[in-house]
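Student: Protein sequences appear in the order of chains A and B. Just so you know, the working numbering puts the end of the first sequence at 980, numbered straight through with nothing missing. Just so you know, the working numbering puts the end of the second sequence at 114, numbered straight through with nothing missing. C-beta: ideal position from N, C-alpha, C; glycine also.
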Amino acid sequence: NAGVMQNPRHLVRRRGQEARLRCSPMKGHSHVYWYRQLPEEGLKFMVYLQKENIIDESGMPKERFSAEFPKEGPSILRIQQVVRGDSAAYFCASSLDASSGANVLTFGAGSRLTVL
Amino acid sequence: DQQVKQNSPSLSVQEGRISILNCDYTNSMFDYFLWYKKYPAEGPTFLISISSIKDKNEDGRFTVFLNKSAKHLSLHIVPSQPGDSAVYFCAATFSGGYNKLIFGAGTRLAVHP
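(1) Rounded to the nearest angstrom, how far is the Cβ of Phe31/B from that of Phe90/B, given a contact under 8 Å?
(2) Whole-angstrom Cβ separation of Leu875/A and Ser975/A, contact assumed at under 8 Å?
(3) Please list the partners that Glu905/A has in chain B, where partner means a Cβ-to-Cβ separation under 7 Å.
(4) Less than 8 Å between CB atoms is the rule here; does Leu1/B satisfy it with respect to chain A?
(5) If you reduce the DSSP assignment to three classes, tell me which class Arg948/A lands in.
(6) Enumerate, from N- to C-terminal direction, the unbroken beta strand (DSSP E) stretches of 3 or more residues contained entirely within the region 918–946 of chain A.
(7) Chain A beta carbons: is any one of them nearer than 8 Å to that of Phe47/B?
(8) Using 8 Å as the threshold, is the region 937–954 of chain A in touch with the region 897–905 of chain A, meaning 3 or more CB pairs across them?
(9) Using 8 Å as the cut-off, can you tell me whether the region 66–79 of chain B makes contact with the region 886–901 of chain A, which would need three or more C-beta pairs spanning the two stretches below that distance?
(10) Find out if the Cβ-Cβ distance for the pair Leu969/A, Leu102/B is shorter than 8 Å.
(11) Can you tell me which of Val896/A, Ala883/A, Gly880/A puts its alpha carbon nearest to the alpha carbon of Asp920/A?
(12) For the region 53–72 of chain B, which residues have a beta carbon sitting closer than 7 Å to at least one beta carbon of chain A?
(13) Is Arg879/A near the ligand FMN, judged by its Cβ being under 7 Å from some heavy atom?
(14) Any beta-carbon of chain B closer than 8 Å to the one on Ser862/A?
(15) Leaving out five residues on either side along the sequence, give the residues of the same chain with a beta carbon under 6 Å from the beta carbon of Glu932/A.
(16) What residue from Glu936/A, Met910/A, Val979/A, Pro938/A has the CA that sits closest to Phe929/A's CA?
(17) May I ask you to list, following chain order, the residues of the region 875–907 of chain A that have a beta carbon less than 9 Å from some beta carbon of chain B?
(18) Taking C-beta to C-beta, are Val65/B and Ile54/B nearer than 8 Å?
(19) Once the 5 residues before and after Leu885/A are set aside, which same chain residues still bring their CB inside 6 Å of it?
(20) Under a CB-based cut-off of 8 Å, is Tyr954/A close to chain B?
(21) Please determine, among Ile21/B, Pro41/B, Lys39/B, Ala42/B, the residue with the shortest C-alpha to C-alpha distance to Leu67/B.
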C-alpha cells in the first residue's frame, strides 16, 4: 500500500490556464479531503468527498474551483483560470471512515502549484 | 477567524532536552485535538491526539496536555532528538461529523546536537 498518492508533485501554470491535481486515496479509504497551504500558514480545509458525492465544500472558493471523486479513478481538484494567488501547496488526505473526529487522516505529499 | 493558534513560529532546543510546543484555541466545542508533524516536501503525518474529555495522553517520548479552562494544549517531546526537527501543526475537530481539521499555522522545531 503506497499510501495517499498525489500527482503532479509540482505544477507550473501561467495565469488564465487550468490546473488539475489528482489524488488516489489509500487502499480501502473512501473518504477524501483536500487542504490548501499558503506560504507561512497552516493547512486550510477546502472540500470533503466520498465516492461520487461532495459532502462539504465550505472551504472551496465559490468560483473557478471544483472537485470530484468519481466511482472509478482518483479524486480531482480542478482550478480554472488560475491567478497568482492560487500558488500554494495542495494536500489530499483520506480516511477509512468519518464517524468520529478522532479518525486519523493520512496525507499525501502534496502538489505544489506555481502560477506565473 | 483563526480558531487554532500557534503563536511561536519557531523553537530551538538542544538534543536530549525537552521540547514544548504550545497551541491555543477559541472554540470550546472542539472535541478532539491532534498534532501532526511535517518534514519538507512531505505531507503531514499524524503524531498524537487527545479527546476533550481527557487532560493528558502519552505515547513514548510524546505527551500532549490539554487545559480546557485555558483553551490551551501543549506537546512535550522528551528527550528531543535531531530527527524531531520538523514543523509541528496543532489541529482541532468536532466529533459526530467528519474529519474536517482546523489547523494552526505551525511551529518549526529545530533540535541541535
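Tutor: This is what the structure gives:
(1) That pair is no contact at about 15 Å.
(2) 6 Å
(3) Ala106
(4) Residue 1/B falls outside the range modelled here, since chain B spans only 2 to 114, and no answer is possible.
(5) In the three-state DSSP reduction, Arg948/A falls in the helix class (H, G or I).
(6) Residue ranges of uninterrupted beta strand (DSSP E) with 3 or more members, entirely inside the region 918–946 of chain A and ordered along the chain, are 929–932, 939–943.
(7) yes
(8) Between the region 937–954 of chain A and the region 897–905 of chain A, the count of Cβ pairs shorter than 8 Å is three or higher; the stretches touch.
(9) no
(10) yes
(11) Considering only alpha carbons, the answer is Val896/A.
(12) none
(13) With respect to small molecules bound, the structure shown includes none, and the ligand FMN cannot be examined in it.
(14) No answer is possible for residue 862/A: the residues shown for chain A start at 865 and end at 980.
(15) Contacts found: Ile940.
(16) The candidate whose alpha carbon is nearest that of Phe929/A is Met910/A.
(17) Residues passing the 9 Å Cβ filter: His895, Tyr897, Tyr899, Gln901, Glu904, Glu905, Gly906, Leu907.
(18) no
(19) Leu941, Tyr954, Ser975
(20) no
(21) Ile21/B
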